[in-house]
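A short worksheet on the structure shown next.
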Amino acid sequence: MAVVALALTACAVPEWQKPGTPASQILQDMGQPQVRNPLPDGGERWVYSRQPMGQQIYHFDFDSGQRLLSVRQVLNPSDFHQLRPGVDTQDSVYRYFGKPALVEGVANFKGDIWTYRFRENGGDRLAHVFLDPQRVVQRIMFTDEWRNDDDRR
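Note that numbering that gives the first Met the number 0 has the sequence shown beginning at 0, numbered continuously upward.
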């Protein structure tokens, strides 16, 4: 029975969830969110991530009565450009986007680089969020994702 429940959860499609659906039904359909954030109006935002291999992260916003208001896919350049270098922190990035696909470093930057996989204009892309040793966002950079099976090289 647990296998059937897991299979059904894996098949749940965020975009098919309808406004007004109770949070308990979303929880049953989608499983536990990666992150839960309070919203100013007394509601709550649930973050569902398909990282590390998936290319989507969804925000499920609920009103104060725990009814679904909206579902939005947030892995896109526009949402990353809302990050404020020198202001936003590792915690605020995590609360908005959830866990990254990859955490890495490079020789010419002191700090971690959080990398998220996403799709843009039909192509595989990476968003790199540079966090200094104090865990403050310093910059955001976008690159193409080259896979081993990619013939474009």
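Note that beta-carbon positions come from the ideal geometry of N, C-alpha and C, so glycine has one too. Since we're looking at a predicted model, the values are computed, not measured.
Status (buried if at least 16 other CB within 10 Å, exposed otherwise) for residue i
i	result
threonine 142	exposed
tryptophan 15	exposed
valine 105	exposed
alanine 9	For alanine 9, the predicted model reports a pLDDT of 49, less than 50, meaning its position is unreliable and no value from the coordinates is stated.
serine 48	buried
arginine 146	exposed
proline 99	buried
alanine 4	Any reading at alanine 4 must be qualified, since the residue scores a pLDDT of 43, below 50, and its modelled position is unreliable; no value is offered.
valine 136	buried
histidine 80	exposed
arginine 83	exposed
proline 32	buried
Start-to-end residues for the alpha helix (DSSP H) that takes in residue i
i	result
alanine 22	22-29
serine 77	76-79
Nearest neighbour of residue i, chosen from the options [CA to CA]
i	options	result
arginine 124	Gln137, Arg94, Pro51, Ser91	Pro51
valine 92	Asn107, Lys109, Thr114	Thr114
leucine 203	Arg71, Glu43, Ile112	Summary: the structure shown does not reach residue 203, with the chain confined to residues 0 through 152, and so no result is reported for it.
aspartate 78	Pro13, Val12, Gly42, Met140	Met140
glutamine 133	Gly122, Gly41, Ile25, Val86	Val86
valine 34	Glu103, Gly97, Gln89, Thr88	Gly97
glutamine 27	Pro39, Val12, Leu38	Val12
arginine 94	Gly30, Ala22, Ser23, Pro37	Pro37
histidine 127	Glu119, Val102, Asn107, Asp90	Val102
serine 63	Glu144, Arg138, Asp40, Arg71	Asp40
Continuous beta strand (DSSP E) stretch holding residue i: start and end
i	result
glutamine 72	67-72
valine 46	43-48
arginine 35	34-37
aspartate 60	56-61
- [ ] May I ask you to verify whether the segment 40-47 touches the segment 56-66, counting CB pairs closer than 8 Å and requiring at least 3?
- [x] The segment 40-47, when compared against the segment 56-66, does touch it at the 8 Å Cβ threshold.
Review point. Along the chain, which unbroken stretches of the beta strand (DSSP E) at least 3 residues long are found entirely within the segment 74-136?
Key: Counting whole runs of 3 or more residues, the segment 74-136 contains the beta strand (DSSP E) stretches 101-105, 108-119, 122-130.
* Asked: Would you say the segment 67-74 touches the segment 17-28, given that touching needs at least three Cβ pairs under 8 Å?
  -> When C-beta atoms of the segment 67-74 are compared with those of the segment 17-28, three or more pairs fall below 8 Å, so the two segments count as touching.
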